[in-house]
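Counting in our numbering, the sequence shown runs from 1 upward without gaps. Note that the Cβ used here is the ideal one computed from N, Cα and C, for glycine as well. Every value quoted in this text rests on a predicted model; they were computed, and no experiment measured them. Here is the structure we will look at, set down as structure tokens.
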Amino acid sequence: MRTLITNIGELTTNADHGMLRDAAVLVEDGRIAWVGAAADAPTHAEEVVDAGGRAVIPGFVDSHSHIVFGGDRAAEFEARMAGEKYAAGGIRSTVAATRAATDDELRVRLRGFIAEMHAQGTTTVEIKSGYGLDVETEQRLVRLAAEATDEVTFLGAHVVPTEFAEDPDAYVDLVIGPMLDACAPYARWIDVFCESGAFSVEQSRRVLEAGIARGLAPRVHASQLGPGDGVRMAVELGAASVDHGTYLTDDDVAALAVSDMVLTLLPGVEFSTRQPYPDARRLIDAGVTVALACDTNPGSSFTSSMPFCIAVAVRDMGMTPVEALWAATAGGAAALRRDDIGTIAPGMRADLVLLDAPSHVHLSYRPGVPQVRSVWKDGVLVAKRS
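Here it is in structure tokens:
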């Protein structure tokens, strides 16, 4: 099956010169077969889609989410808006609700989030566990996540559950022993929340090294609530990405700039918690590779909208519109160490978004306005707005 998308007013490719005008894209068997000027487009396509002068961009790559969970934390959000400070411990309330939910209840909700993400242009999503914090539930979460994505992360070290409050090291033993044994077959990644109120650098290192020994690649939550040594530990262990980075020292930035690690910024968190926004301009100018992701979760960032995160990154974090779009597509692909997504070029997966706008700039220029018209994942139409 060949599909030609033509009459594209602006095509953001993230490859070569990055932007083409009056362009076309040929899709064949789920891959990009050809990219170029519309006037030179191949004519042998079974399906032709007229973009009507609108913009086409790569599908968003959301490299950080927590979308398998039960319960609701709207009251916690309301309290924060009334002045309460965000702290890591709120995760435990979601843990209780998630443990009580059935597989079918969690699966239905997960599928709803995936559909919601598709409708907003996200074609690849990473999903973490971390709301079970016991062997049985953590295994359930990674198993369910694996039904929706290849990018599954085991995050048993999210916080210390209540039953281990007096002996957190015993919980680490559980995470790197029976829990890792149960979850590793379903996961590609291992993650840890290296933060005050969660896990120390020493505990985090134990978790990551155990995961690496089992063939899982490391990712790290760090420097969300305050400065610490988590970023440099992540660099030392060769993590694919360190996520949050709200509070970074000059040494952190220098270490990131000379590494091949991606710093994933999560604008929805700062929006929802009223923490200061990270300075993306400082990071990009220093040579750090930056990604953007939603961090969809019920506590600190209950948004699944990559366009919203792009708008916030441009408005409040010092990114240009094209930098923010790159970070939400090719940057996310780099954070997942994927070389088949995030770019529109021959051989890449045909993950494409047709905007109801003439330019990618409208993603940040018109915040809150639905602008995703059609979404293709692997060449298959997965969302369309009439």
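Looking at residue i: is its Cβ nearer than 9 Å to the Cβ of residue j?
| i | j | result |
| --- | --- | --- |
| R399 | G299 | Examination of residue 399 is not possible in this model, given that the chain is present from 1 through 386 alone. |
| A24 | G9 | no |
| A217 | W189 | yes |
| T320 | V312 | no |
| V201 | G228 | yes |
| I387 | I67 | Residue 387 is absent from the structure shown; the chain starts at 1 and stops at 386. |
| L155 | S129 | yes |
| T124 | T149 | yes |
| G215 | S223 | no |
| Y86 | R274 | yes |
| G318 | R281 | yes |
| G71 | A96 | yes |
| C194 | V152 | no |
| G18 | V322 | yes |
| V375 | A170 | no |
Taking Cβ positions only, does residue i come closer than 9 Å to chain B?
| i | result |
| --- | --- |
| E138 | No chain B appears in the structure shown, which is made up of a single protein chain. |
Alpha carbon to alpha carbon, how far is residue i from residue j?
| i | j | result |
| --- | --- | --- |
| A198 | V160 | 6 Å |
| L208 | P370 | 39 Å |
| G112 | A101 | 16 Å |
| S364 | A146 | 32 Å |
| T246 | R338 | 25 Å |
| H158 | T137 | 13 Å |
| T13 | G342 | 8 Å |
| A48 | R373 | The question names Ala, but residue 48 is Val in the sequence shown. Taking the straight line from one Cα to the other gives about 16 Å. |
| S93 | E270 | 21 Å |
| D103 | R140 | 7 Å |
| G368 | A184 | 38 Å |
| G132 | E126 | 17 Å |
| V172 | V135 | 12 Å |
| L225 | R109 | 29 Å |
| G30 | G379 | 4 Å |
| D167 | R2 | 59 Å |
| I91 | V27 | 43 Å |
| P307 | L144 | 26 Å |
| F69 | L4 | 39 Å |
| A182 | A210 | 13 Å |
| E78 | H44 | 56 Å |
| G347 | T162 | 49 Å |
| E76 | A165 | 22 Å |
| L283 | V382 | 34 Å |
| W326 | P58 | 9 Å |
Using a Cβ-Cβ cut-off of 8 Å (strictly less than) and excluding sequence neighbours within five positions of residue i, which residues of its own chain qualify?
| i | result |
| --- | --- |
| A38 | T6, N7, I8, D22, A23, A24 |
| R206 | V172, I176 |
| D279 | M317, G318 |
| D50 | T6, N7 |
| I212 | I190, P218, L237 |
| P178 | V135 |
| L20 | I8, E10, L11, T13, V35, G36, A37 |
Below 6 Å CB to CB, which residues in the same chain sit around residue i once its five sequence neighbours on both sides are set aside?
| i | result |
| --- | --- |
| L237 | L208, P218 |
| G287 | A257 |
| T249 | P227 |
| T296 | S65, I67, S304 |
| S359 | E10, A55 |
| D316 | Y277 |
| A328 | F60, L292, M306, I310 |
| L174 | none |
| Q203 | V172 |
| T122 | F60, D62, M306 |
| D243 | H64, H221, T264 |
Cutting at 7 Å between CB atoms, please list the residues of its own chain near residue i, excluding the five before and the five after it.
| i | result |
| --- | --- |
| A335 | S63, A240, S241, V262, T264, A291 |
| A345 | T13, A15, I32, V35 |
| A324 | L292, I310, A313, V314, S364 |
| M117 | D62, V125, S304 |
| S301 | L266, G268, V269, S272, C294, D295 |
| R349 | G30, R31, D340, I341, D378 |
| A254 | none |
| G331 | V262, T289, V290, A291, L292 |
| V142 | S129, V152, F154, C183, Y186, A187 |
| V361 | P321 |
With hydrogens ignored, establish whether the beta-carbon of residue i is closer than 8 Å to any heavy atom of the ligand SAM.
| i | result |
| --- | --- |
| V353 | The model depicted lacks the ligand SAM and carries no ligand whatsoever. |
At least 3 beta-carbon pairs within less than 8 Å: the region 342-358 vs the region 48-55:
yes
Going along the chain, which unbroken runs of the alpha helix (DSSP H) with 4 or more residues stay wholly within the region 205-238?
230-236
Entirely within the region 6-56 and at least 3 residues each: give me those beta strand (DSSP E) ranges in chain order.
Counting only unbroken stretches of 3 or more residues, the beta strand (DSSP E) elements lying wholly within the region 6-56 are 19-28, 31-37, 47-50, in sequence order.
Can you list, in chain order, the stretches of the alpha helix (DSSP H) that have 4 or more residues and sit fully within the region 320-372?
321-328, 330-335, 362-365
Can you check the region 150-193 for any beta strand (DSSP E) of at least 3 residues that lies completely inside it and give the ranges in chain order?
152-157
List, from N- to C-terminal side, the alpha helix (DSSP H) runs of 4 residues or more that fit wholly inside the region 77-110.
91-100
Any chance you could list the beta strand (DSSP E) runs of at least 3 consecutive residues sitting entirely within the region 248-317, in chain order?
262-265, 289-292
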